[in-house]
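Here the structure comes first, spelled out in structure tokens, and everything after it is commentary.
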Ligand code: EPZ
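Residue numbers (this note's numbering): 3 to 421.
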């Protein structure tokens, strides 16, 4: 397995271009199963999770062509299999996103249950509950969700927990259902809005995406369209934290500052000076040691759970005591144990990490356990004195495009050690 070698201690400086959002690209790729004709997607990030999704769509029968390595054409006209097999779903739980489109357009889907992952049990009961409310016959057998429906019909669905992919799956099931659907307590994430905008271009009738009530009028058919995937707010936040943790100055380009308000507020509270343009953000922490901050994750627009591991690393070297409270997932502190091995002075108490900032961390061999934990360890390695080797880098590659190239552009001493 590839590893990353990081020689820490240099203040980062420079600009990086942000890639398309993983968590928008995945549902939008699934939505390509819905229309009568081909879709053209731009700004799709080159990530392992995208490769996995492309493999899954091809297995279902969609024809996928990369045009000049940038534009992705997905033609669903030969879809003939309606299964997401365990060997694919176990590597990427977001495969469950084909459930809604397959059921809504083709009336059948056999999707392996994703099972838990490092950060939690991550059930899909809300996805199943909503589809049943729309008239799907669903049985769970041999580890698969077996779903059938002659035609889904509109329903009012109340999600008792805010679920991003739950909202996305139900929205994609509802756009071709008969009648009106209402999703209450819907997720408000920008990625949900990007999916809704794509579906709207295809001819779907959707109101309220971005609010906690989404209203969908089912239509008979949808058309293939072009869409450019929105920039990745979590990648943006991660590179800004890289600037903050190393006391440098970093500018992220081709991003959407309005999607990062809660994160930018916390970076300012930590002492960073932040400038914002229409599609760029610049952070300056030169000559400053960050101040520790208190962070509590919650659904958008509150502070994103996908940024808490990165702030755990920032707090580790910040002045003062900071707390990180995780309210979304039950086990998302694996990075904390590895940070301790680098000299962080922190304790985890239930769903909270309390850390007293130390002057500096020391490099060490560490192991990544999930996508954002691995980002946190890379950030800690950039700030630490000495050499850090991050193992199991495939976690990083799931969500960060060419991370060592982009960090090297910012002056980091980082290289990939192939297996
Ligand atoms: C999405 O996961 C993201 N993944 C995650 O990003 C992100 O951390 C998460 O939303 C929260 O923002 C994608 O968009 C592909 P949820 P998702 O359903 O949809 C509970 C990353 O790092 N729940 O919003 O799977 C669940 O257990 C990844 O890029 C149910 O109980 O998360 C959790 O406690 C990690 N039943 C809470 O809801 C369900 O049926 C939120 O989960 C569904 C969810």
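The beta-carbon is built from N, C-alpha and C at its ideal position, and this holds for glycine as well.
Bear in mind that the values here come from a model prediction, so they are computed numbers and not experimental data.
query	result
What are the uninterrupted segments assigned as beta strand (DSSP E) that are 3 or more residues long and contained completely in the region 55 to 116, given in chain order?	65 to 69, 73 to 77, 110 to 114
Measuring straight from C-alpha to C-alpha, what distance separates residue 473 and residue 144?	Absent from the model: residue 473. The displayed extent of the chain is 3 to 421, so no value can be given.
Would residue 62 and residue 35 qualify as a contact pair, given that the criterion is a beta-carbon distance under 9 Å?	yes
Got a sec, what are the start and stop residues for the beta strand (DSSP E) residue 277 sits in?	275 to 278
To which residues of the same chain is residue 25 closer than 6 Å at the C-beta, ignoring the five residues directly before and after it?	193
Less than 9 Å separating the beta-carbons of residue 388 and residue 365?	yes
Looking only at its own chain, which residues have a Cβ that is under 7 Å from the Cβ of residue 261, when we skip the five neighbours before and after it?	192, 235
Confirm the yes/no value for this check: CB of residue 330, any heavy atom of the ligand EPZ, distance under 8 Å.	yes
Where do the ends of the alpha helix (DSSP H) carrying residue 169 lie?	166 to 176
State the start and end residues of the unbroken alpha helix (DSSP H) segment that holds residue 197.	192 to 204
For residue 229, list the residues DSSP reports as bridge partners.	43
Report the option in 301, 354, 175, 363 whose CA atom is closest to the CA atom of residue 315.	363
With DSSP run on the structure shown, which of helix, strand or coil describes residue 367?	strand
So what does residue 305 bridge to, in DSSP terms?	299
Tell me whether residue 301 counts as near the ligand EPZ, meaning its Cβ is closer than 8 Å to at least one heavy atom of that ligand.	yes
Helix, strand or coil for residue 361, going by three-state DSSP, please let me know.	coil
Whole angstroms is fine: what's the gap from residue 302's alpha carbon to residue 190's?	6 Å
Counting C-beta neighbours from all protein chains within 10 Å, is the total for residue 123 16 or more, i.e. buried, or is it exposed?	exposed
Please look up how many angstroms separate the CB atoms of residue 333 and residue 359, rounded, as I've assumed it's under 8 Å.	Not really, about 24 Å apart at Cβ, beyond 8 Å.
Count the other C-beta atoms from every protein chain shown that fall within 10 angstroms of the C-beta of residue 3, then say buried if there are 16 or more, exposed otherwise.	exposed
How do the region 374 to 383 and the region 336 to 350 stand: do at least 3 beta-carbon pairs fall below 8 Å, yes or no?	yes
Quick check on this structure: which residue in 166, 221, 215, 187 has the alpha carbon closest to the alpha carbon of residue 197?	166
Which of the three DSSP states, helix, strand or coil, is assigned to residue 258?	coil
Residue 115 and residue 75 - do their beta-carbons sit closer together than 9 Å?	no
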